[in-house]
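Enquirer: I'd like to ask you about the structure that follows.
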Amino acid sequence: MKKSLLIHPEKEHIHRDVEKGKQAVDNTSNSVMIGFRSSVVIGFRSLILFIMIRLVVPIIVVIDFNWYEWNLGSIKSFKPSLLCVQGSKLFFLWAAVALALVTTAKSAWFSDPSYGGRLHQWTDVRLTALTRRHVAKLTDFGGVGDGVTYNTAAFAAAVANLSKVATDGGAMLVVPAGRWLTGPFNLTSHFTLFLESDAVILASQNLEDFPIIAPLPSYGRGRDLPGGRYANVIMGYNLTDVAITGNNGTINGQGQVWWEKYRAKELQHTRGYLVEFMFSNGVLVSNITLMDSPSWNLHPVYCSDVVVSGITITVSSLTSPNTDGINPDSSTNVRILDSYVISGDDCIAIKSGWDQYGIAFNMPSKQIYIKNFTCISPTSATIAIGSEMSGGVEDVHAEDITAINTESAVRIKTGIGRGGYVKQIFAKKMSLHNMKYIFWMTGAYGQHPDDNFDPNAIPVVENINYGDVTAKNVTMVGKLEGLEQSPFTGICLSNVTAEIFVIEKKPIWNCTFVEGVSTGMSPGACAPLKDMGADASTCVP
Ligand SMILES: *[C@@H]1O[C@H](CO)[C@@H](O)[C@H](O)[C@H]1NC(C)=O
Ligand SMILES: *[C@@H]1O[C@H](CO)[C@@H](O)[C@H](O)[C@H]1NC(C)=O
Ligand SMILES: *[C@@H]1O[C@H](CO)[C@@H](O)[C@H](O)[C@H]1NC(C)=O
Ligand SMILES: *[C@@H]1O[C@H](CO)[C@@H](O)[C@H](O)[C@H]1NC(C)=O
Ligand SMILES: *[C@@H]1O[C@H](CO)[C@@H](O)[C@H](O)[C@H]1NC(C)=O
Ligand SMILES: *[C@@H]1O[C@H](CO)[C@@H](O)[C@H](O)[C@H]1NC(C)=O
Ligand SMILES: *[C@@H]1O[C@H](CO)[C@@H](O)[C@H](O)[C@H]1NC(C)=O
Ligand SMILES: *[C@@H]1O[C@H](CO)[C@@H](O)[C@H](O)[C@H]1NC(C)=O
Ligand SMILES: *[C@@H]1O[C@H](CO)[C@@H](O)[C@H](O)[C@H]1NC(C)=O
Numbered sequence: 050m051k052k053s054l055l056i057h058p059e060k061e062h063i064h065r066d067v068e069k070g071k072q073a074v075d076n077t078s079n080s081v082m083i084g085f086r087s088s089v090v091i092g093f094r095s096l097i098l099f100i101m102i103r104l105v106v107p108i109i110v111v112i113d114f115n116w117y118e119w120n121l122g123s124i125k126s127f128k129p130s131l132l133c134v135q136g137s138k139l140f141f142l143w144a145a146v147a148l149a150l151v152t153t154a155k156s157a158w159f160s161d162p163s164y165g166g167r168l169h170q171w172t173d174v175r176l177t178a179l180t181r182r183h184v185a186k187l188t189d190f191g192g193v194g195d196g197v198t199y200n201t202a203a204f205a206a207a208v209a210n211l212s213k214v215a216t217d218g219g220a221m222l223v224v225p226a227g228r229w230l231t232g233p234f235n236l237t238s239h240f241t242l243f244l245e246s247d248a249v250i251l252a253s254q255n256l257e258d259f260p261i262i263a264p265l266p267s268y269g270r271g272r273d274l275p276g277g278r279y280a281n282v283i284m285g286y287n288l289t290d291v292a293i294t295g296n297n298g299t300i301n302g303q304g305q306v307w308w309e310k311y312r313a314k315e316l317q318h319t320r321g322y323l324v325e326f327m328f329s330n331g332v333l334v335s336n337i338t339l340m341d342s343p344s345w346n347l348h349p350v351y352c353s354d355v356v357v358s359g360i361t362i363t364v365s366s367l368t369s370p371n372t373d374g375i376n377p378d379s380s381t382n383v384r385i386l387d388s389y390v391i392s393g394d395d396c397i398a399i400k401s402g403w404d405q406y407g408i409a410f411n412m413p414s415k416q417i418y419i420k421n422f423t424c425i426s427p428t429s430a431t432i433a434i435g436s437e438m439s440g441g442v443e444d445v446h447a448e449d450i451t452a453i454n455t456e457s458a459v460r461i462k463t464g465i466g467r468g469g470y471v472k473q474i475f476a477k478k479m480s481l482h483n484m485k486y487i488f489w490m491t492g493a494y495g496q497h498p499d500d501n502f503d504p505n506a507i508p509v510v511e512n513i514n515y516g517d518v519t520a521k522n523v524t525m526v527g528k529l530e531g532l533e534q535s536p537f538t539g540i541c542l543s544n545v546t547a548e549i550f551v552i553e554k555k556p557i558w559n560c561t562f563v564e565g566v567s568t569g570m571s572p573g574a575c576a577p578l579k580d581m582g583a584d585a586s587t588c589v590p
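Position 269, counted from 1, in the sequence shown is what this note's numbering calls 318; the numbers after and before it change by one each time, with no gaps.
Here it is as structure tokens:
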């Protein structure tokens with residue numbers, strides 16, 4: 050048995066977290082767990098229902114007898130066991146199983162890597178997205194897919210119409226092949242927007258089509274400029290059980306006009322996002338392509354139980370401003386699976402509000418699980434945490450991460466005034482090519498919403514674990530800058546092999562105000578990350 054790197058008196062807290070992570074090691078296959086657990090739940094529920102039906106049906110039958118015969122005397126001859134058990138045993142069993150399936154369909158069991166693989170129930174829209182009772186096409190509502198006719202009214206009419214059947218099995222709106230120009234529109238609950246292959250939703254490039262909406266409460270103002278913000282192209286507000294999926298159709302934000310006006314400082318308000326879900330529970334975005342967003346591409350904010358799976362996000366200009374890929378923000382239980390992002394900014398950025406507004410709103414991002422993710426982002430991070438993290442970020446697990454021509458692999462960005470925390474971060478199995486930094490932490494990130502931020506709101510960064518990393522052509526292995534007032538602690542690096550880009554003979558590490566441990570590093574880590582020797586075990590099991 051190897052000596053655990055983390056059984057180190059000063060590092061007991063990391064040890065605990067790693068032990069927690071270790072128990073989670075074999076739960077990476079969520080779908081298997083969901084499948085297995087669902088069948089257990091279905092079995093259990095059908096048993097309960099079967100028993101209930103056996104008890105309840107005789108009463109119904111008694112009422113029926115009275116109804117038909119108006120003869121109280123007949124009750125005496127009533128034999129419940131005969132009627133309901135022997136007579137129709139198979140029927141009732143079948144009915145119980147069917148009912149159980151229906152009631153189970155909206156939720157699944159989810160093994161949470163953040164909690165040692167403990168299972169809890171959650172809304173998994175993957176189970177309902179493709180089986181809505183009502184199906185309509187955009188053309189039913191007057192949609193025209195010629196690339197020039199506006200479909201804003203068609204989308205609004207479709208969603209308004211289909212929202213009426215939300216409680217009757219939900220609805221799917223199919224967007225057929227074609228180019229469907231539109232202004233912003235809202236989604237509804239128990240609803241699937243399905244983009245067939247070669248369906249392209251084209252966002253209008255006319256700014257007048259985008260009304261100004263309120264800023265996010267946890268930001269206090271728009272991210273680009275004070276005040277409100279332009280509407281998002283597609284918005285889900287206050288929803289439950291909502292999906293955008295398809296056969297890899299595209300939502301194209303046609304953001305070029307926004308990028309130009311932003312750079313020229315011609316905008317009066319903050320740019321909208323391509324797809325935003327706010328205050329929503331049970332969200333699926335899968336099997337589609339997002340491109341050329343005005344700003345961030347996919348923004349679940351104040352949400353829970355979100356699955357992003359099999360999506361491609363791309364951009365026609367790698368210098369497009371703030372075109373982040375996927376930004377979970379003040380959200381819980383977010384899974385980002387099998388996805389690929391090419392971005393002018395961070396491929397994933399986990400956030401939770403900005404300075405005093407984020408502190409007051411106090412809603413963390415937690416239980417974020419990222420698996421099989423690929424990033425290209427020459428000027429930004431594969432996975433960024435922050436810089437807006439004032440509500441806190443915790444329990445982030447990432448594995449099977451590939452980055453190519455990207456500035457950094459994982460970057461933590463924060464600053465004085467942010468408050469909040471970043472803790473319990475685990476990233477492993479990262480394969481990196483042509484990187485400026487592998488690990489980057491910045492405690493002195495600027496940018497405040499206004500001058501009223503609290504200079505005593507000092508962020509806490511602790512328990513940051515990275516392991517099993519191979520990197521080729523790297524300029525710096527680690528640039529880790531903690532805060533003098535609040536050093537970043539509990540950093541653990543294990544099994545990191547980096548080939549250094551040798552033309553510039555610059556230092557490959559620079560670590561200030563950080564504390565932690567390391568093992569299996571080639572080249573070795575900076576001094577503050579104490580080398581625990583070759584026989585130590587890993588940070589991220
Ligand atoms: C809208 O919904 C109603 C039922 O609520 C339905 O009868 C009608 O056909 C729908 N309209 C369109 C254009 O599909
Ligand atoms: C979408 O819903 C939000 C919240 O209800 C509302 O403020 C906004 O005006 C709606 N947008 C559109 C295009 O209907
Ligand atoms: C959103 O839901 C909350 C309750 O959860 C409700 O108070 C609020 O009015 C809803 N807002 C809209 C615009 O539907
Ligand atoms: C989806 O389309 C994008 C480009 O539009 C492509 O890069 C990607 O490979 C496609 N994904 C799948 C699963 O076909
Ligand atoms: C997405 O595509 C994959 C692979 O083609 C498929 O297995 C899955 O069922 C599709 N649908 C959803 C909702 O993810
Ligand atoms: C990883 O994701 C890509 C899409 O980005 C997909 O093509 C591939 O099959 C996935 N790999 C595994 C092992 O699921
Ligand atoms: C190594 O990375 C640098 C930029 O960081 C790039 O210019 C160079 O082409 C890369 N070399 C190889 C062999 O990929
Ligand atoms: C180190 O990481 C590499 C790449 O992820 C992996 O193949 C290897 O098995 C790891 N070694 C140990 C000892 O865990
Ligand atoms: C290391 O980074 C600090 C700032 O965090 C900077 O002041 C210092 O010059 C850097 N050291 C080297 C050797 O680059």
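Every residue, glycine too, gets a C-beta built ideally from N, C-alpha and C.
On the three-pair Cβ rule with 8 Å, is the stretch 442–462 touching the stretch 478–498?
Expert: Between the stretch 442–462 and the stretch 478–498, the count of Cβ pairs shorter than 8 Å is three or higher; the stretches touch.
Enquirer: For residue 526, which three-state DSSP category applies?
Expert: What you label residue 526 is simply residue 477 of the sequence shown in a count that begins at 1. Three-state DSSP puts residue 526 in a strand.
Enquirer: Mind checking which residues open and close the beta strand (DSSP E) that includes residue 558?
Expert: Numbered from 1 along the sequence shown, position 509 holds the residue referred to as residue 558. 558–561 is the span of the beta strand (DSSP E), which, as asked, contains residue 558.
Enquirer: If I measure Cβ to Cβ from residue 420 and keep anything under 7 Å in the same chain, skipping five residues before and after, which residues do I get?
Expert: Stepping through the sequence shown from its first residue, residue 420 is reached at position 371. So the qualifying residues of the chain are 77, 386, 448 and 449.
Enquirer: Which same chain residues end up closer than 6 Å to residue 531 when comparing Cβ atoms and leaving out the 5 residues on each side of it in sequence?
Expert: Along the sequence shown, one-based indexing puts residue 531 at 482. Same-chain partners within the cutoff: 492, 537, 562 and 563.
Enquirer: Taking just the CA atoms, how far does residue 527 sit from residue 550?
Expert: Residue numbering aside, residue 550 sits at position 501 when the sequence shown is read from its first letter. Residue numbering aside, residue 527 sits at position 478 when the sequence shown is read from its first letter. Using only the alpha carbons, I get a separation of about 14 Å.
Enquirer: Given a cut-off of 8 Å on the beta-carbon distance, is the pair residue 347 and residue 324 in contact?
Expert: Numbered from 1 along the sequence shown, position 298 holds the residue referred to as residue 347. Numbered from 1 along the sequence shown, position 275 holds the residue referred to as residue 324. For residue 347 and residue 324, yes; Cβs fall inside 8 Å.
Enquirer: At a cut-off of 7 Å, would you count residue 561 as near ligand 9, judging by its Cβ distance to the nearest heavy atom?
Expert: The count along the sequence shown starts at 1 and reaches residue 561 at position 512. Yes - ligand 9 has a heavy atom lying nearer than 7 Å to the Cβ of residue 561.
Enquirer: Any heavy atom of ligand 5 closer than 7 Å to the CB of residue 179?
Expert: Taking the first residue of the sequence shown as position 1, residue 179 is located at position 130. Yes.
Enquirer: Would you call the CB atoms of residue 435 and residue 413 closer than 8 Å?
Expert: As a working mapping, residue 435 is identified with position 386 in the sequence shown. As a working mapping, residue 413 is identified with position 364 in the sequence shown. In this structure, residue 413 does not lie closer than 8 Å to residue 435 by Cβ.
Enquirer: Can you give me the Cβ contacts of residue 361 inside the same chain, cut-off strictly under 6 Å, excluding the 5 residues immediately before and after it?
Expert: Numbered from 1 along the sequence shown, position 312 holds the residue referred to as residue 361. 338 and 389, listed in sequence order.
Enquirer: Taking 5 Å as the limit, name every residue whose beta carbon sits nearer than that to some heavy atom of ligand 4, in sequence order.
Expert: 297, 338 and 361
Enquirer: With DSSP collapsed to three states, give me the class of residue 188.
Expert: The residue you call residue 188 lines up with position 139 of the sequence shown. Note: residue 188 maps to helix in three-state DSSP.
Enquirer: Give me the Cβ distance between residue 371 and residue 344, rounded to the nearest whole Å; I'm assuming they're in contact under 8 Å.
Expert: Walking along the sequence shown from the start, residue 371 turns up at place 322. Walking along the sequence shown from the start, residue 344 turns up at place 295. Going by Cβ atoms, the distance from residue 371 to residue 344 rounds to 5 Å, so yes, they are a contact pair.
Enquirer: DSSP three-state label for residue 310, please.
Expert: As a working mapping, residue 310 is identified with position 261 in the sequence shown. It is helical.
Enquirer: Could you have a look at residue 116 and say whether DSSP puts it in helix, strand or coil?
Expert: Working through the sequence shown from its first residue, we reach residue 116 at position 67. At residue 116 the pLDDT is 38, less than 50, meaning the model places this residue with poor confidence and gives no usable figure here.
Enquirer: Pull up the distance between the alpha-carbon of residue 253 and that of residue 445, whole angstroms please.
Expert: Your numbering for residue 253 matches position 204 in the sequence shown. Your numbering for residue 445 matches position 396 in the sequence shown. Roughly 36 Å separates the two Cα atoms.
Enquirer: Between the C-alpha atoms of residue 204 and residue 188, what's the straight-line distance to the nearest angstrom?
Expert: Here residue 204 is taken as the residue at index 155 of the sequence shown, counted from 1. Here residue 188 is taken as the residue at index 139 of the sequence shown, counted from 1. The alpha-carbon atoms of residue 204 and residue 188 are separated by roughly 10 Å.
Enquirer: Distance, Cα to Cα, residue 265 vs residue 548?
Expert: For the purposes of this step, residue 265 is identified with residue 216 of the sequence shown, where counting begins at 1. For the purposes of this step, residue 548 is identified with residue 499 of the sequence shown, where counting begins at 1. Straight-line Cα distance between these residues: approximately 43 Å.
Enquirer: If residue 342 sits next to residue 359, beta carbons under 8 Å apart, how far is it from one beta carbon to the other, in whole angstroms?
Expert: Residue numbering aside, residue 342 sits at position 293 when the sequence shown is read from its first letter. Residue numbering aside, residue 359 sits at position 310 when the sequence shown is read from its first letter. Their Cβ separation, rounded to whole angstroms, is 18 Å, which puts residue 342 and residue 359 out of contact at 8 Å.
Enquirer: Taking the alpha carbon of residue 582 as the point to measure from, which residue in 590, 571 and 404 has its own alpha carbon closest?
Expert: Here residue 582 corresponds to residue number 533 of the sequence shown, with the count starting at 1. Nearest of 590, 571 and 404 to residue 582, Cα basis: 571.
Enquirer: Residue ranges of each beta strand (DSSP E) run of no fewer than 3 residues wholly in the stretch 385–419, ordered along the chain?
Expert: With a minimum length of 3 residues, the continuous beta strand (DSSP E) runs that stay inside the stretch 385–419 are 397–399.
Enquirer: Determine whether the beta carbon atoms of residue 298 and residue 244 lie at a separation below 8 Å.
Expert: Counting from one through the sequence shown, the residue named residue 298 turns up at place 249. Counting from one through the sequence shown, the residue named residue 244 turns up at place 195. A contact, by the Cβ cut-off of 8 Å.
Enquirer: With the cut-off set at 8 Å, would you say residue 271 and residue 277 are in Cβ contact?
Expert: Residue numbering aside, residue 271 sits at position 222 when the sequence shown is read from its first letter. Residue numbering aside, residue 277 sits at position 228 when the sequence shown is read from its first letter. Against a cut-off of 8 Å, the Cβ pair of residue 277 and residue 271 comes out as a contact.
Enquirer: Suppose the cutoff is 8 Å on Cβ atoms and the five residues either side in sequence are ignored; what does the same chain contact list for residue 393 look like?
Expert: On the sequence shown, position 344 is the one that residue 393 refers to. Result list for residue 393: 364, 366, 367, 368, 369, 370, 371, 372, 426, 428 and 429, in chain order.
Enquirer: So for residue 220, helix, strand or coil by DSSP?
Expert: On the sequence shown, position 171 is the one that residue 220 refers to. In the structure shown, residue 220 sits in a strand (DSSP, three-state: E or B).
Enquirer: Which residues in the same chain as residue 307 place their Cβ atom closer than 6 Å to its Cβ, once the five residues preceding and following it in sequence are excluded?
Expert: Against the sequence shown, residue 307 aligns to sequence position 258. Within the same chain, residue 307 has close Cβ partners 320 and 343.
Enquirer: What distance in whole Å lies between the Cβ atoms of residue 525 and residue 485, which are believed to be in contact at a cut-off of 8 Å?
Expert: Taking the first residue of the sequence shown as 1, we reach residue 485 at position 436. Taking the first residue of the sequence shown as 1, we reach residue 525 at position 476. At roughly 7 Å, the Cβ-Cβ gap stays under 8 Å, so residue 485 and residue 525 are in contact.
Enquirer: For residue 432, which option in 416, 408, 410 and 395 has the closest C-alpha, if you only look at C-alpha atoms?
Expert: Taking the sequence shown and counting its residues from 1, one reaches residue 432 at position 383. When only C-alpha atoms are compared, the closest one is 395.
Enquirer: What residues sit near ligand 6, counting only those whose C-beta is closer than 5 Å to one of its heavy atoms, in chain order?
Expert: 387, 389 and 421
Enquirer: Tell me the residue span of the beta strand (DSSP E) that contains residue 543.
Expert: Counting from one through the sequence shown, the residue named residue 543 turns up at place 494. It spans 537–549 - the beta strand (DSSP E) in which residue 543 sits, taken as one unbroken run.
Enquirer: CA-CA distance, residue 219 and residue 483?
Expert: For this step, residue 219 is matched to residue 170 along the sequence shown. For this step, residue 483 is matched to residue 434 along the sequence shown. Taking the straight line joining both Cα atoms gives about 47 Å.
Enquirer: Here's a check: name, in chain order, each residue in its chain whose Cβ is nearer than 6 Å to the Cβ of residue 475, leaving out the five neighbours to either side.
Expert: Taking the sequence shown and counting its residues from 1, the one referred to as residue 475 is at position 426. 70, 446, 514 and 589, listed in sequence order.
Enquirer: Under DSSP, the alpha helix (DSSP H) around residue 204 begins and ends at which residues?
Expert: The sequence position of residue 204 within the sequence shown is 155, counting from 1. Per DSSP, residue 204 belongs to the alpha helix (DSSP H) from 201–212.
Enquirer: When a residue counts only if its C-beta is closer than 5 Å to some heavy atom of ligand 2, which residues count, in chain order?
Expert: 233, 235 and 286
Enquirer: Let's see if you can read the secondary structure: which residues bound the beta strand (DSSP E) around residue 489?
Expert: Residue 489 sits at position 440 when you count from the first residue of the sequence shown. 470–491 is the span of the beta strand (DSSP E), which, as asked, contains residue 489.
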